[in-house]
Structures are given as structure tokens and as C-alpha cells.
Amino acid sequence: MNFINFNGEILPAAQPVLTVANRAFRYGDGLFESMRYLKGKLRYADLHADRLQRGMAALKLDGYAKVTAGFLIKKVEELVKRNSYGQNARVRLTVYRDSEGLYSPAGNQFGYTIEMSTSDESSYIHMAKGLIVDVFDEVTKPVNSLANHKTCNSLVYVMAGIYRKQKSLDEVFVLNNSGFLCEAMSSNVFVVFKKKIYTPALSEGCIAGVMRSVVMKLAAENKMEVIEAQINPDILNEAEEVFLTNASRGIQWVMGFNSKRYFNKVSKHLLDKLNQTIA
Numbered sequence: 560m561n562f563i564n565f566n567g568e569i570l571p572a573a574q575p576v577l578t579v580a581n582r583a584f585r586y587g588d589g590l591f592e593s594m595r596y597l598k599g600k601l602r603y604a605d606l607h608a609d610r611l612q613r614g615m616a617a618l619k620l621d622g623y624a625k626v627t628a629g630f631l632i633k634k635v636e637e638l639v640k641r642n643s644y645g646q647n648a649r650v651r652l653t654v655y656r657d658s659e660g661l662y663s664p665a666g667n668q669f670g671y672t673i674e675m676s677t678s679d680e681s682s683y684i685h686m687a688k689g690l691i692v693d694v695f696d697e698v699t700k701p702v703n704s705l706a707n708h709k710t711c712n713s714l715v716y717v718m719a720g721i722y723r724k725q726k727s728l729d730e731v732f733v734l735n736n737s738g739f740l741c742e743a744m745s746s747n748v749f750v751v752f753k754k755k756i757y758t759p760a761l762s763e764g765c766i767a768g769v770m771r772s773v774v775m776k777l778a779a780e781n782k783m784e785v786i787e788a789q790i791n792p793d794i795l796n797e798a799e800e801v802f803l804t805n806a807s808r809g810i811q812w813v814m815g816f817n818s819k820r821y822f823n824k825v826s827k828h829l830l831d832k833l834n835q836t837i838a
């Protein structure tokens, strides 16, 4: 039997805990965080807590200062132990506005759930075969003050996911409402062009990814320049490498876009450096 944490109480995962009045269900009124528990430790807890606090503040949720790195570590470790998951697990925390009301909520207190699944992986894995990708342009992502946060409103990514399945792709890139490269469905995007690494700036509407920050820091420590920029998707036809980052999978290299094929030297080097930090 698997277990979840619902507002501090550990319950069977199959037990219903939310009603149809839940605001995350009704309005997408919440945030979520995807995390990795590797080698007996919740990785990048401080960065996840910081992003959650900033997101909760942006949604005007009360009590966001309570969601510290220590809070995340404690709750995740309790649930890992209860599930007997050992040293490695994938974790999702969802925060929602726990209040009645329609578009105008009666209050701004928050509730949360934590769910997890076991994992056999004790490091971030280098893929022998890279991803085949395309650009999804049927629905674009608006750039606004909420764009950098992982809100529960994920329709752009759902529509991108449907397109991905229809086209039998591994991943698709999402554009912002100005037509520039924004991100992938659940990852940030990095492009290597003329031996420099580019990634969409936060002003382009991408999620402020935890692994994005980690990889940018790793690159700087290894004297590899990363430029945050506005990126025309046409660059994908000229780039030497393209890779994706997220907290669940680390770094994934892209093998192909249309007829274009990419190398993976830079992404492999950064992945090796990343795994050294969790040894």
C-alpha cells in the first residue's frame, strides 16, 4: 500500500481526500513542485523551498514562510519512511488555496499534498539515445507575472502533450506569445550555438526551474558561458547541441529536430559534473 501526506496527515494513497469544491480542481488555484530524493537526501531542498515561497507569495497565499527547506525535508523523509522507499524516490508536492468562494476566495490559507513513487535510480541518468523534438505552436504561453511559477493551470502543456503523442515525438518546445522559444513541456531548454550556451531568459515566460539554476551555476563554475536571451526557434536548425533540464531527470540531450541532428558533448559534461555533486 502506498501513502500520501495530506495537510500533515499520512493517509493511504487510494483514500479520497479532495472534494469537487477544491480550488485547485475548480480554478487551477495552486502550485506544484517536482523533486528528487536521491541517495537518502531530498536534493536542492533550499531551491525548491525558495521557489515555492516566491510562488505562494505571488498567489497571495498566507503562511508561505512556513514552507522552508527544513519543512520539505522533514515531510518528505517521513513519507519515504512510511512507504518503505529506501534511498530513492520521485516526489510531487501540491499547494492549493484551502478556502471557499468563487473567483474571489473567502480566505488565503493554504493546504498541501505530497505524493511519491519509488525509483531505482540513485543518480541522474545519461540517455544512450537522445530525444526527438518539434516545436508546438498551436497554443502559446502568455508572458505575465505568473509565467515563471509552476501553477496548477497547465493547459498549455497538456495541449503540447497531446500534440507530442499525435506526432510520436519524445518532447515538444513551447513558444511564448511573441513566438520565441520558451521551454519544453516539463523542462527548461538550453541551446549550444557557436560554442556558447543560450537559454530563454525568465522574461520570456519560462518556468524558473530549479535544475535550470543548478546547471547555470555548474556551467559558470566550469568556465562555460551561459547567456539568458530571447531565442528565435529558427536557431534549432543551426545549433550544435540542445538539451533539457528539470529536477526529476536532471539533464536530457536532444538528438533530433526535423532533419537536424545534434551532438551531446556539452550536456554529457554537465551531467557528469551534476552527478559528482550528489555522490
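Numbering-wise, the working numbering puts 669 at position 110 of the sequence shown, and it's gapless, one number per residue.
Don't be surprised by glycine CBs; every beta carbon is placed ideally from N, CA and C.
- The shortest CA-to-CA distance from E800 to any of V750, A788, A779, N781 is the one to V750.
- Sixteen is the threshold: when 16 or more other Cβ atoms of the shown chains lie within 10 Å of the Cβ of L601, as they do, the residue is buried.
- In the DSSP annotation of this structure, the continuous segment of the alpha helix (DSSP H) that includes V773 starts and ends at 769-780.
- The three-state secondary structure of K824, taken from DSSP, is helix.
- By the CB criterion at 7 Å, N566 and G670 fall inside the cutoff.
- Contiguous beta strand (DSSP E) elements confined to the stretch 582-610 occur at 589-597, taking only those with 3 or more residues.
- Taking a contact to require three or more Cβ pairs closer than 8 Å, the stretch 629-637 and the stretch 603-610 qualify as touching.
- Here K709 is buried. Its C-beta has 16 or more other C-beta atoms within 10 Å.
- Scanning the stretch 709-737 for uninterrupted beta strand (DSSP E) segments of 3 residues or longer gives 730-735, listed from N- to C-terminal end.
- Between N747 and C765, the gap from beta carbon to beta carbon is short of 7 Å.
- Its chain contains F562, I563, E637, L638, R641 as the residues whose beta carbon lies nearer than 8 Å to that of I569, once the 5 sequence neighbours on both sides are disregarded; these appear in chain order.
- Between the C-alpha atoms of L761 and M775 there is a straight-line separation of about 13 Å.
- With a threshold of 16 other beta carbon atoms within 10 Å, G689 meets it and is buried.
- Taking a C-beta distance under 7 Å as the contact criterion, G587 and N712 qualify as a contact pair.
- Proximity of the stretch 721-739 to the stretch 692-706 meets the contact definition, three or more beta-carbon pairs being nearer than 8 Å.
- The criterion of a C-beta distance shorter than 7 Å is satisfied by F752 and I794.
- The beta carbons of F591 and T653 sit closer together than 7 Å.
- By alpha-carbon distance to M560, the top candidate from L631, A665, S676, V702 is S676.
- Here DSSP, grouped into helix, strand and coil, assigns V579 to coil.
- Inter-residue distance for T627 and Q612 is about 8 Å (C-alpha atoms, whole angstroms).
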